[in-house]
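*Asks:*
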Amino acid sequence: MNNQTILTIMLFVFVISGSITNSYCQTNTEIITEYGTGLIWTYNPSDSDIDYIAETHSGVSDTSQYAKDRDIDKGLIYFLCSEKRQTDFSIPKEKIINVIHIKHDITVYGGVDYAFTQDTVYEIHTSTSNAGIFTSSHITLIPNLKNHLDYYSLFNKDNCVPNKDLFFLTLNFCRRNRIIIKL
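Numbered by my numbering, the letters in the sequence shown go through residues 7 to 189 in order.
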């Protein structure tokens with residue numbers, strides 16, 4: 007068995023045992039940083055006090071041939087399931103319940119954010135490309151379900167799914183730290 011299979015089995019056993027079943031938790035009022043499994047999770051309660059803006063940057067003009075050859079002229083925000091591009095993306099602070107930031111390496115730019123709203127969880131993967139010329143955000147929309155067990159059936163029948171293991175680890179991080187992810 008490879009590491010991903012073992013992680014998936016561990017998560018499945020953890021969820022089936024009832025450890026992740028309720029998304030109603032008390033929220034912390036302090037910044038939480040947790041290191042584990044090679045990832046760094048960060049929760050800052052003040053992140054829900056401002057609009058969430060997906061990161062983008064281009065070191066060249068959007069109208070340049072270099073950008074056009076790479077479809078950057080259509081936007082640096084990419085929705086994975088619909089394969090749609092746009093120039094910017096934001097979530098109004100009034101809709102945000104909480105935001106979780108995840109990085110693989112603190113010295114590398116980019117990471118994954120999970121922005122929780124009442125109806126949707128936004129998985130936003132930010133990375134750089136072309137030697138740092140472009141910073142783009144790839145977004146996957148996930149319904150915010152009350153019971154975490156429902157995610158297994160959703161992910162098994164939907165072809166467009168997020169990084170399932172990372173998503174379940176994030177739900178576990180929220181549960182352990184009593185971070186509200188659904189009202």
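The C-beta atom is built at its ideal place from N, Cα and C for all residues, glycine as well.
Output the distance between the C-alpha atoms of F179 and C166, rounded to the nearest integer angstrom.
*Replies:* By 1-based counting over the sequence shown, the position of residue 179 is 173. By 1-based counting over the sequence shown, the position of residue 166 is 160. Near 23 Å, if we compare the C-alpha coordinates of C166 and F179.
*Asks:* Just how far apart, CA to CA, sit D156 and T69?
*Replies:* Along the sequence shown, read from residue 1 onward, the residue named residue 156 stands at position 150. Along the sequence shown, read from residue 1 onward, the residue named residue 69 stands at position 63. Distance between the alpha carbons of D156 and T69: 44 Å.
*Asks:* Where are the beta strand (DSSP E) runs, 3 residues long or more, that stay fully inside the stretch 36 to 62, in chain order?
*Replies:* List check, beta strand (DSSP E) in window: 38 to 42, 45 to 49.
*Asks:* Is it the case that the Cβ atoms of S58 and I97 are separated by a distance below 8 Å?
*Replies:* Within the sequence shown, the letter at position 52 stands for residue 58. Within the sequence shown, the letter at position 91 stands for residue 97. Residue 58 is actually Tyr in this sequence, not Ser. For Y58 and I97, yes; Cβs fall inside 8 Å.
*Asks:* Reducing DSSP to helix, strand and coil, say where A121 ends up.
*Replies:* Counting from 1 along the sequence shown, the entry for residue 121 is found at position 115. In this structure, A121 counts as strand in the three-state DSSP scheme.
*Asks:* How do the stretch 67 to 86 and the stretch 140 to 159 stand: do at least 3 beta-carbon pairs fall below 8 Å, yes or no?
*Replies:* Verdict: yes, contact present.
*Asks:* Can you check DSSP and say which residues form a bridge with S142?
*Replies:* On the sequence shown, position 136 is the one that residue 142 refers to. Note: S142 sits in a beta bridge opposite S133.
*Asks:* Tell me which same chain residues have a C-beta within less than 6 Å of the C-beta of R91, skipping the five on either side of it?
*Replies:* Here the question's residue 91 lines up with position 85 in the sequence shown. Here the set comprises K80, G81, Y84.
*Asks:* T69 by DSSP, collapsed to three states: which one?
*Replies:* Numbered from 1 along the sequence shown, position 63 holds the residue referred to as residue 69. Coil, per DSSP.
*Asks:* Just to check my reading of the structure: P149 and T176 have Cβ atoms closer than 8 Å, yes? What is that Cβ distance to the nearest angstrom?
*Replies:* Taking the sequence shown and counting its residues from 1, the one referred to as residue 149 is at position 143. Taking the sequence shown and counting its residues from 1, the one referred to as residue 176 is at position 170. The Cβ separation is near 15 Å, so there is no contact.
*Asks:* By DSSP, does F174 sit in helix, in strand, or in coil?
*Replies:* Residue mapping note: residue 174 aligns to position 168 of the sequence shown, counting from 1. Three-state result, F174: helix.
*Asks:* For E129, does the count of other Cβ atoms within 10 angstroms reach 16, so buried, or fall short, so exposed?
*Replies:* Here the question's residue 129 lines up with position 123 in the sequence shown. Buried, by the Cβ-count rule.
*Asks:* DSSP puts S64 in a beta bridge; with which residues?
*Replies:* Residue numbering aside, residue 64 sits at position 58 when the sequence shown is read from its first letter. S64 is bridged to F140.
*Asks:* Could you say which of N162, T123, T62 lies nearest to I185 if we only look at CA atoms?
*Replies:* For this step, residue 185 is matched to residue 179 along the sequence shown. Per the Cα distances, T123.
*Asks:* Let me know the secondary structure DSSP gives I78 once reduced to three states.
*Replies:* For this step, residue 78 is matched to residue 72 along the sequence shown. Of the three classes helix, strand and coil, the one that applies to I78 here is helix, per DSSP.
*Asks:* Do you know whose CA, among F95, Y41, T134, lies nearest A121's CA?
*Replies:* Sequence index remark: in the sequence shown, residue 121 carries index 115 (1-based). Residue F95 is the option with its Cα nearest to A121.
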